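Participant: The structure is given below, and queries will be raised subsequently.
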Amino acid sequence: MHSIRNLYEEFDRRLYDNSEHRNLYVLDLNCDYAREVLRQAHSRKMFIAPAKWLLLQDRRTTIDGGHDDGSEATPTYDDSVLDIFENLAVYPDSDVVLALRLDGDFLELKSVYRPNPQRGAIWENRGNWTIENGLQMRTLDVASARRRNLHRTELKSCLVITDPDTMNHLTDFEKKTVDPVTKATYPWILHLVNRMNATVSFNITDSWGYRGENGSWNGMIGMLERREIDIGGTTTFFIPQRIGVVQYVQLYTGTRSAFVFRRPLLSTVKNIFVLPFQRNVWLAIAVFLLLVFCLLYLSMKWEHSRGASPESASYWSQFNSGKPAVGDNFLVLLGAFAQQGYAYEPYKVSTRIVTLMLLVASLSLYAAYTANIVGLLQSTTDSIRTLSDLLRSPLKLGAQDVVYSHHYFKAFRDPVRKAILEQRIEPKGRKPNWMTMDEGVRRVRNELFAFHGEIGAVYQLMQDTYLEEEKCGLTQIDYLNVLDPLLVVQMQSPYLEIIKNGALKLREYGLKYREEYRLYTEKPACTSETSFITIGLTECYFALVVMGYGMLLTAVVFALELLWHKKKNSREKDVVRTTQGAETPGAEAIDYAEYLD
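Residue 1 is where the sequence shown starts when you use UniProt numbering, and the numbers rise one by one after that.
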């Protein structure tokens with residue numbers, strides 16, 4: 001015990017603070033200050049759960065003495081003290097038990113509560129207690145079961161609606177992609193209210209509720225904090241900032257928001273021209289080509305030395321002219337390996353063996369390479385698995401233009417999420433990528449695009465508009481990293497336990513899932529992955545890059561050749577002029593100059 005008090009005095013904080021521990025208060029109603037103690041408890045909200053009260057009153061009809069006419073004396077107890085409960089805050093969550101000592105050791109047990117502030121007190125018969133039989137309870141049901149009937153209490157709720165037309169389609173399952181969370185929660189509220197034998201009225205707002213700069217809350221959360229409504233009509237996310245502002249009930253909508261995109265083709269995120277072979281295979285090919293290059297250089301050198309002999313010169317000149325250089329060997333190797341052919345004609349057996357080995361190996365590698373390329377062009381990549389991968393990917397990003405997306409996107413402070421907002425969603429100097437769901441789903445279909453929105457609604461649009469093969473490869477990445485939206489009520493709501501039990505019953509009876517199955521669409525099933533793959537500039541990007549660099553290198557080499565040729569001609573002309581100035585020009589000098597020209 002904390003204390004025993006015989007006189008009324010101000011309660012200290014430790015005595016009535018229910019957040020510190022569970023408190024049991026025992027009060028003797030025969031005490032002179034009993035009425036004042038109850039008023040003090042009412043003003044300090046001490047009847048709210050989990051506080052418990054045990055009120056004692058002795059109603060034994062003792063006789064103080066007879067009257068002169070022989071009649072009995074009046075009882076010693078005062079029953080008027082119980083009338084005070086007609087105005088006290090003993091609502092369905094309270095636990096106030098009255099123990100009435102009627103005769104000897106027999107105690108009758110009653111509990112009192114009020115369904116709402118407008119109704120009077122209701123007394124429940126809980127049982128009795130005697131020394132011989134102990135505690136005899138009339139029912140073992142908890143308060144939330146006994147007091148479920150609220151006698152048509154008027155409750156207030158609030159619906160979060162982003163499209164005014166939603167009010168016309170709360171129960172007809174039309175436009176399922178617009179405000180699906182509200183359309184799922186609305187019938188749940190009606191089920192809960194009917195189960196409690198209450199009525200409900202709804203307010204309308206366009207915001208779930210967020211803390212402002214002055215510390216106050218707006219939207220639905222603000223109404224709950226100010227106790228303007230009793231229960232939230234739209235489920236909301238469980239976030240640390242709302243803990244202590246509202247209380248959450250384990251009734252959630254099975255939906256969430258995420259980035260949804262089609263897995264891109266492998267060729268759009270990687271250089272597909274190096275993927276057909278593993279790294280070790282490429283190294284083996286490089287070693288093979290180096291070996292062939294050396295053998296080809298030696299054999300061509302030997303072939304030229306043998307073919308240039310007087311007895312073979314006429315036959316040799318039919319196939320090749322001039323001395324082979326290193327560049328000739330490289331062109332032969334490149335032409336054979338790229339299946340483009342070459343101008344060189346082998347003459348000796350050794351050279352023919354080397355070139356035949358090169359052609360056979362190139363043909364085998366070329367067949368395997370092109371077969372793998374065809375398969376890779378039709379395959380998708382699963383390399384985009386995290387937000388970091390998404391940030392570095394070639395996908396463009398967009399988000400649904402709704403209130404909570406704006407709030408949560410700007411609330412994150414980790415580098416990756418912040419970079420996604422600043423670089424991809426709201427890039428400086430460009431139009432922000434906030435858009436409608438219809439536009440986002442369309443861009444996911446036609447572009448390399450990832451769209452952030454409510455996945456149930458996104459999948460519904462995809463199910464309605466995509467071709468069967470376009471429904472394959474759909475992937476989602478969670479961005480908000482929050483739990484599913486939950487139902488919320490006031491802090492220390494007197495109906496909290498009744499609503500919690502009702503929420504469990506909705507799940508048990510299947511009423512919760514009935515609404516979700518009709519409103520939320522699962523990821524569309526992939527029934528056919530066969531489709532016509534079009535090859536565009538994206539898939540051929542690396543080949544075009546190689547061709548571009550090759551053309552640039554060709555232009556540079558051509559320019560160098562022109563400069564070298566011009567310089568060589570200028571030098572030869574200087575030599576001719578010098579010769580003509582030193583000697584008398586004759587027929588031989590003129591003929592030599594004409595030959596140079």
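Virtual Cβ for every residue (Gly too), placed ideally from N, Cα, C. Quick caveat, the model's predicted, so the values are computed rather than measured.
#1: If you run the structure through DSSP and keep just helix, strand and coil, what is Phe542?
#2: Suppose only complete runs of 4+ residues qualify. What are the alpha helix (DSSP H) ranges in the stretch 197–275, listed by chain order?
#3: Are there any heavy atoms of the ligand GTP lying less than 7 Å away from the beta-carbon of Met357, as far as the coordinates show?
#4: Suppose you measure from the CA of Val260 to the CA of Ala145; what does that come to, to the nearest Å?
#5: Have a look at His67 and Leu107 and give me their C-alpha separation to the nearest angstrom.
#6: Should His452 be labelled buried (16 or more other beta-carbon atoms within 10 Å of its own) or exposed?
#7: Between Leu54 and the rest of its own chain, which residues show a CB-CB distance below 6 Å, the 5 nearest in sequence each way excluded?
#8: Mind checking which residues open and close the alpha helix (DSSP H) that includes Arg442?
#9: Tell me the residue span of the alpha helix (DSSP H) that contains Leu519.
#10: Can you give the Cα-Cα distance for Leu553 and Arg392, rounded to whole angstroms?
#11: Start and end of the beta strand (DSSP E) containing Gln400?
#12: Tell me, which residues are paired with Ile122 by DSSP?
#13: Does the beta-carbon of Pro164 have 16 or more other beta-carbons within 10 angstroms, so that it is buried, or is it exposed?
#14: Compute the beta-carbon to beta-carbon distance between Thr255 and Leu159, rounded to the nearest angstrom, for a pair I have assumed lies under 8 Å.
#15: Is the beta carbon of Ile477 less than 8 Å from the beta carbon of Leu544?
#16: Answer yes or no: do Arg119 and Arg195 have a C-beta to C-beta separation smaller than 8 Å?
#17: Pull up the distance between the alpha-carbon of Arg518 and that of Thr236, whole angstroms please.
#18: Using a threshold of 8 Å, state whether the C-beta atoms of Thr177 and Ala457 are closer than that.
#19: Three-state secondary structure (DSSP) at Arg5?
#20: Can you look up Asn128 in the DSSP assignment and give me helix, strand or coil?
#21: Ile131: which of Gly104, Gly429, Arg114, His406 sits nearest, CA to CA?
#22: Look at the alpha carbon of Ile4 and the alpha carbon of Arg227, and state the distance between them as a whole number of angstroms.
#23: In whole angstroms, what is the alpha-carbon distance linking Val575 and Asn569?
#24: Identify whether Ala525 lies in helix, strand or coil by the three-state DSSP scheme.
#25: Do Ser157 and Ile221 have their CB atoms nearer than 8 Å?
#26: Among the residues of its own chain, which have a CB less than 7 Å from the CB of His304, if the five just before and after it don't count?
#27: Quick one: what's Phe449 bridged to in DSSP?
#28: Could you name the residues that DSSP lists as bridge partners for Leu474?
#29: My assumption, with CB atoms under 8 Å, is that Asn23 sits in contact with Ala41. Please give the rounded CB distance.
#30: State yes or no: is the C-beta of Thr205 within less than 8 Å of the C-beta of Asp179?
#31: Tell me, please, whether the stretch 430–449 touches the stretch 391–410 by the rule of three or more beta-carbon pairs shorter than 8 Å.
#32: Helix, strand or coil, according to DSSP, for Thr579 in the structure here?
#33: From Asn197 to Ile231, what does the alpha carbon distance come to, in whole angstroms?
#34: Should Asn329 go down as buried or exposed, given a rule of 16 or more other Cβ atoms within 10 Å for buried?
Facilitator: The relevant details are as follows:
#1: Sequence index remark: in the sequence shown, residue 542 carries index 542 (1-based). For Phe542, the secondary structure class from DSSP, reduced to helix, strand or coil, is helix.
#2: Here the runs fully enclosed are 219–225, 266–269.
#3: As for the ligand GTP, it is missing from this structure, which has no ligand bound.
#4: The residue you call residue 260 lines up with position 260 of the sequence shown. The residue you call residue 145 lines up with position 145 of the sequence shown. Each residue's Cα considered, the two are about 44 Å apart.
#5: The sequence position of residue 67 within the sequence shown is 67, counting from 1. The sequence position of residue 107 within the sequence shown is 107, counting from 1. Unreliable positioning characterises His67 in this predicted model, as indicated by a pLDDT of 44, which lies under 50. The coordinate reading is nonetheless provided below. About 29 Å.
#6: Walking along the sequence shown from the start, residue 452 turns up at place 452. Answer is buried; the Cβ neighbour count reaches 16.
#7: Here residue 54 refers to the residue found at position 54 when the sequence shown is read from its first residue. If we look at Leu54 and ignore the five residues flanking it on each side, its Cβ neighbours are Val26, Val97.
#8: Taking the first residue of the sequence shown as position 1, residue 442 is located at position 442. Its alpha helix (DSSP H) spans residues 437–446.
#9: As a working mapping, residue 519 is identified with position 519 in the sequence shown. From DSSP, the alpha helix (DSSP H) with Leu519 extends over 511–519.
#10: The residue you call residue 553 lines up with position 553 of the sequence shown. The residue you call residue 392 lines up with position 392 of the sequence shown. Roughly 31 Å between the two C-alpha positions.
#11: The sequence position of residue 400 within the sequence shown is 400, counting from 1. Here the beta strand (DSSP E) through Gln400 covers 396–400.
#12: Taking the sequence shown and counting its residues from 1, one reaches residue 122 at position 122. Ile122 has Tyr113 as its beta-bridge partners, per DSSP.
#13: Numbered from its first residue, the sequence shown carries residue 164 at position 164. With a threshold of 16 other beta carbon atoms within 10 Å, Pro164 falls short and is exposed.
#14: Reading the sequence shown from its first residue, position 255 is the one you call residue 255. Reading the sequence shown from its first residue, position 159 is the one you call residue 159. No, Thr255 and Leu159 are not in contact; Cβ-Cβ is about 17 Å, not under 8 Å.
#15: Reading the sequence shown from its first residue, position 477 is the one you call residue 477. Reading the sequence shown from its first residue, position 544 is the one you call residue 544. The answer is no: Cβ separation not under 8 Å.
#16: As a position in the sequence shown, residue 119 is number 119, starting the count at 1. As a position in the sequence shown, residue 195 is number 195, starting the count at 1. Not a contact, by the Cβ cut-off of 8 Å.
#17: Position 518 of the sequence shown, counted from the start, is the residue given in the question as residue 518. Position 236 of the sequence shown, counted from the start, is the residue given in the question as residue 236. Answer to the nearest angstrom: the Cα atoms are 20 Å apart.
#18: By 1-based counting over the sequence shown, the position of residue 177 is 177. By 1-based counting over the sequence shown, the position of residue 457 is 457. Yes.
#19: The count along the sequence shown starts at 1 and reaches residue 5 at position 5. In the displayed model, Arg5 falls within coil according to three-state DSSP, outside both helix and strand.
#20: Working through the sequence shown from its first residue, we reach residue 128 at position 128. DSSP places Asn128 in the strand class (E or B) of the three-state scheme.
#21: On the sequence shown, position 131 is the one that residue 131 refers to. Ranked by how close their Cα comes to the Cα of Ile131, the residues Gly104, Gly429, Arg114, His406 have Gly104 in first place.
#22: Stepping through the sequence shown from its first residue, residue 4 is reached at position 4. Stepping through the sequence shown from its first residue, residue 227 is reached at position 227. Distance between the alpha carbons of Ile4 and Arg227: 35 Å.
#23: As a working mapping, residue 575 is identified with position 575 in the sequence shown. As a working mapping, residue 569 is identified with position 569 in the sequence shown. Answer to the nearest angstrom: the Cα atoms are 10 Å apart.
#24: Position 525 of the sequence shown holds residue 525. Coil.
#25: Along the sequence shown, read from residue 1 onward, the residue named residue 157 stands at position 157. Along the sequence shown, read from residue 1 onward, the residue named residue 221 stands at position 221. Cβ distance not < 8 Å, so Ser157 and Ile221 don't count as in contact.
#26: Taking the sequence shown and counting its residues from 1, the one referred to as residue 304 is at position 304. Result list for His304: Lys323, Pro324, in chain order.
#27: On the sequence shown, residue 449 is found 449 positions in, with the first residue counted as 1. Phe449 pairs with Lys396.
#28: Your numbering for residue 474 matches position 474 in the sequence shown. Bridge partners of Leu474: Arg262.
#29: Taking the first residue of the sequence shown as position 1, residue 23 is located at position 23. Taking the first residue of the sequence shown as position 1, residue 41 is located at position 41. In this structure, Asn23 and Ala41 do not form a Cβ contact; the two beta carbons are roughly 11 Å apart against a cut-off of 8 Å.
#30: Position 205 of the sequence shown holds residue 205. Position 179 of the sequence shown holds residue 179. No, Cβ-Cβ distance for Thr205 and Asp179 is not below 8 Å.
#31: With contact defined as three or more Cβ pairs closer than 8 Å, the stretch 430–449 and the stretch 391–410 are in contact.
#32: Reading the sequence shown from its first residue, position 579 is the one you call residue 579. In the three-state DSSP reduction, Thr579 falls in the helix class (H, G or I).
#33: Counting from 1 along the sequence shown, the entry for residue 197 is found at position 197. Counting from 1 along the sequence shown, the entry for residue 231 is found at position 231. So the two alpha carbons sit approximately 15 Å from each other.
#34: Locating residue 329 in the sequence shown gives position 329, where the first residue counts as 1. So Asn329 ends up on the buried side.
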